[in-house]
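Here's the structure, in structure tokens; my notes come after.
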Amino acid sequence: MAEVVVSEAISGPAMDSLKAEFDVLSIPSLWQDEDALRSAMKDAKAIIVRNQTQVSAALIESSSQLQVVARAGAGLDNVDTAAASRRGVVVTYAPRENSLAVAELTMGFLLNLARDIPSAHIDTRAGNWNRTHFVGTELSGKILGLVGFGRIGQLVAKRAVAFGMSIVAYDKFLPNDVPLVDQLGVKMLEFEEVLKLSDFVSCHVPLVAETHHLFSHHQFSQMKDSACFLNTSRGEVVDERALYEALSIGGLRGAAVDVREIEPPEPGGLADLTNVIVTPHIGAFSHEAQMRVVDAVCHDVRSVLRGEQPRNPFVSK
Ligand code: MLT
0 MAEVVVSEAI SGPAMDSLKA EFDVLSIPSL WQDEDALRSA MKDAKAIIVR NQTQVSAALI
60 ESSSQLQVVA RAGAGLDNVD TAAASRRGVV VTYAPRENSL AVAELTMGFL LNLARDIPSA
120 HIDTRAGNWN RTHFVGTELS GKILGLVGFG RIGQLVAKRA VAFGMSIVAY DKFLPNDVPL
180 VDQLGVKMLE FEEVLKLSDF VSCHVPLVAE THHLFSHHQF SQMKDSACFL NTSRGEVVDE
240 RALYEALSIG GLRGAAVDVR EIEPPEPGGL ADLTNVIVTP HIGAFSHEAQ MRVVDAVCHD
300 VRSVLRGEQP RNPFVSK
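Here the sequence shown is numbered in numbering that gives the first Met the number 0, starting from 0 and rising by one per residue.
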């Protein structure tokens, strides 16, 4: 029986070193088969997951040996951290390691929405040369609304300011002393004010009970008809049906979504709208970020199994 179970696609040199030291069972599709996963967990001391394995209380309890759950990413919405803590199981994650990759994807979305690069690309590949069909807008001089001004929101803000955008932001949990707010001239406002003022609204909140469907009919109706909406956080933060309706009736100009309420989504829906850019939850997937993420979780699994302190334990507030 394996000491370490890896239930999603997680690889790299750090994983190879972990395999050299421990008995690792790594099956990228294991998260899809609950029974197989539970039986693989029987004597496991560690499990390493991304965002698709539901690390429920039942899964945690399926191994009496379990010492550590390692989440190869920042969001812990798929891990029952309370159940882990009741069992004395350490939860470790990679809270910073992929932030830059997500921020850069957000910048890519902003530029692609402003200039409608995806439509121009598809049209030109079809053999056309329709220069005047694709007159976009500039980012410079526009207002970017950031909902969530944590690590990723701040990285996006720095980059957007370099493009000449002004930033308004809403973050219920932000401490008062974040120097970047003054340095970049960010206006911290109420949620609805951010929605009303912004030309682009980008969402960077974690998925918790309070942020489920944070964006629904009412919130989209508050936004300018000319505004674009971006989501690189979690699909469930957005009522996807409400977003679809807003985009279909001209209540929003466009949207770019990397994350979906159900992943993978059913065909159709948002992906059928020509004013929407869809990608398959690739925010964290730069080579550099994945290297950092896998290094971080493998390091922490090794530390816990050796009886040492992990670098990134989750501590509930
Ligand atoms: C994260 O939470 O860090 C991202 O969604 C990446 C992932 O889940 O793989």
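A virtual CB, placed ideally from N, CA and C, is assigned to each residue, including glycine.
Is the stretch 188-208 in contact with the stretch 221-230, if contact means three or more CB pairs nearer than 8 Å?
yes
Got a list of residues with beta-carbon closer than 7 Å to any non-hydrogen atom of the ligand MLT, in chain order?
49, 50, 71, 72, 73, 74, 93, 97, 280, 282 and 283
When you compare the CB of residue 23 with every CB in chain D, is at least one pair closer than 8 Å?
Looking for chain D here will not work: only one protein chain is present.
Can you look up residue 78 in the DSSP assignment and give me helix, strand or coil?
The count along the sequence shown starts at 1 and reaches residue 78 at position 79. Strand, per DSSP.
Under DSSP, the beta strand (DSSP E) around residue 24 begins and ends at which residues?
To locate residue 24, count along the sequence shown from 1; it is residue 25. It spans 23-25 - the beta strand (DSSP E) in which residue 24 sits, taken as one unbroken run.
My understanding is that residue 91 touches residue 299, with C-beta atoms under 8 Å, so please give their C-beta distance in whole angstroms.
Taking the sequence shown and counting its residues from 1, one reaches residue 91 at position 92. Taking the sequence shown and counting its residues from 1, one reaches residue 299 at position 300. Between residue 299 and residue 91 the Cβ distance is about 4 Å, and since that is below 8 Å, they are a contact.
Check residue 130 in the structure and name its three-state DSSP category.
Taking the sequence shown and counting its residues from 1, the one referred to as residue 130 is at position 131. Three-state DSSP puts residue 130 in a helix.
Buried or exposed: which applies to residue 314, given that a residue is buried once 16 or more other Cβ atoms fall within 10 Å of its Cβ?
Counting from 1 along the sequence shown, the entry for residue 314 is found at position 315. That one is exposed.
Tell me which residue opens and which closes the beta strand (DSSP E) that residue 45 is part of.
Residue 45 sits at position 46 when you count from the first residue of the sequence shown. Segment 45-48, the beta strand (DSSP E) holding residue 45.
Is the number of C-beta pairs between the stretch 275-284 and the stretch 125-139 that are closer than 8 Å three or more?
no
Report the CB separation of residue 7 from residue 48 in whole angstroms; it is logged as a contact under 8 Å.
Numbered from its first residue, the sequence shown carries residue 7 at position 8. Numbered from its first residue, the sequence shown carries residue 48 at position 49. About 6 Å separates the CB atoms of residue 7 and residue 48; that is less than 8 Å, so the two are in contact.
Output the distance between the C-alpha atoms of residue 306 and residue 102, rounded to the nearest integer angstrom.
Within the sequence shown, the letter at position 307 stands for residue 306. Within the sequence shown, the letter at position 103 stands for residue 102. If you draw a straight line from the Cα of residue 306 to the Cα of residue 102, it is about 35 Å long.
With 16 as the cutoff for other CB atoms within 10 Å, does residue 15 come out buried or exposed?
Counting from 1 along the sequence shown, the entry for residue 15 is found at position 16. Exposed, because fewer than 16 other Cβ atoms sit within 10 Å of the Cβ of residue 15.
Hey, quick one: how far does the alpha helix (DSSP H) through residue 301 stretch, first residue to last?
Within the sequence shown, the letter at position 302 stands for residue 301. Run containing residue 301: 286-304, per the alpha helix (DSSP H) assignment.
Quick one: give me the first and last residue of the alpha helix (DSSP H) that residue 110 is part of.
As a first step, residue 110 is located in the sequence shown; it is residue number 111 there, counting from the start. Note, residue 110: alpha helix (DSSP H), 98-114.
By a C-beta neighbour count over all protein chains shown, 10 Å radius and 16 as the cutoff for buried, is residue 44 buried or exposed?
Taking the first residue of the sequence shown as position 1, residue 44 is located at position 45. It counts as buried.
What does DSSP give as the partner residues of residue 180 in its beta bridges?
Locating residue 180 in the sequence shown gives position 181, where the first residue counts as 1. Per DSSP, none; premise fails for residue 180.
Residue 70 lies in the beta strand (DSSP E); which residues open and close that run?
In the sequence shown, counting from the first residue as 1, residue 70 sits at position 71. Here the beta strand (DSSP E) through residue 70 covers 67-70.
Taking Cβ to Cβ, would you say residue 159 is nearer than 8 Å to residue 292?
For this step, residue 159 is matched to residue 160 along the sequence shown. For this step, residue 292 is matched to residue 293 along the sequence shown. Contact: no.
Measuring CB atoms only, is the stretch 47-66 touching the stretch 116-129, in the sense that at least three cross pairs come out at less than 8 Å?
no
Cutting at 6 Å between CB atoms, please list the residues of its own chain near residue 285, excluding the five before and the five after it.
Against the sequence shown, residue 285 aligns to sequence position 286. Only 100 meet the Cβ criterion.
Please report how far the alpha carbon of residue 179 lies from the alpha carbon of residue 114, in whole angstroms.
The sequence position of residue 179 within the sequence shown is 180, counting from 1. The sequence position of residue 114 within the sequence shown is 115, counting from 1. So the two alpha carbons sit approximately 28 Å from each other.
Starting from the Cα of residue 71, find the closest Cα among 186, 309 and 289 and give me that residue.
The residue labelled residue 71 in the question sits at position 72 within the sequence shown. It is 289.
Would you call the stretch 49-59 in contact with the stretch 32-41, where contact means no fewer than 3 C-beta pairs closer than 8 Å?
yes
Smallest Cα separation from residue 163: which of 142, 231, 249 and 146?
One-based indexing of the sequence shown puts residue 163 at position 164. It is 142.
Ignoring anything shorter than 4 residues or poking outside the stretch 152-197, list the alpha helix (DSSP H) runs there in chain order.
178-182 and 190-196
Quick one: grab the DSSP three-state call for residue 263.
The residue labelled residue 263 in the question sits at position 264 within the sequence shown. Residue 263 falls in the coil class under three-state DSSP.
At what residues does the beta strand (DSSP E) containing residue 255 begin and finish?
For this step, residue 255 is matched to residue 256 along the sequence shown. Here the beta strand (DSSP E) through residue 255 covers 253-256.
Return the CA-CA distance between residue 86 and residue 312, expressed in angstroms with no decimal places.
Taking the sequence shown and counting its residues from 1, the one referred to as residue 86 is at position 87. Taking the sequence shown and counting its residues from 1, the one referred to as residue 312 is at position 313. In a straight line, the C-alpha of residue 86 is about 15 Å away from that of residue 312.
Expressed to the nearest angstrom, what Euclidean distance is found between the alpha-carbon atoms of residue 74 and residue 110?
Numbered from 1 along the sequence shown, position 75 holds the residue referred to as residue 74. Numbered from 1 along the sequence shown, position 111 holds the residue referred to as residue 110. The straight-line gap from Cα to Cα measures roughly 26 Å.
Fully enclosed by the stretch 194-248, which alpha helix (DSSP H) runs are 4 residues long or longer?
Taking only runs of at least 4 residues, the alpha helix (DSSP H) segments lying wholly in the stretch 194-248 are 216-221 and 239-247.
Quick one: is residue 253 buried, meaning 16 or more other Cβ sit within 10 Å of its Cβ, or exposed?
Here residue 253 corresponds to residue number 254 of the sequence shown, with the count starting at 1. The residue is buried, with at least 16 neighbouring Cβ atoms inside 10 Å.
Considering just the uninterrupted stretch of the beta strand (DSSP E) at residue 145, what are its terminal residues?
As a working note, residue 145 is residue 146 in the sequence shown. That run of the beta strand (DSSP E) goes 142-146.
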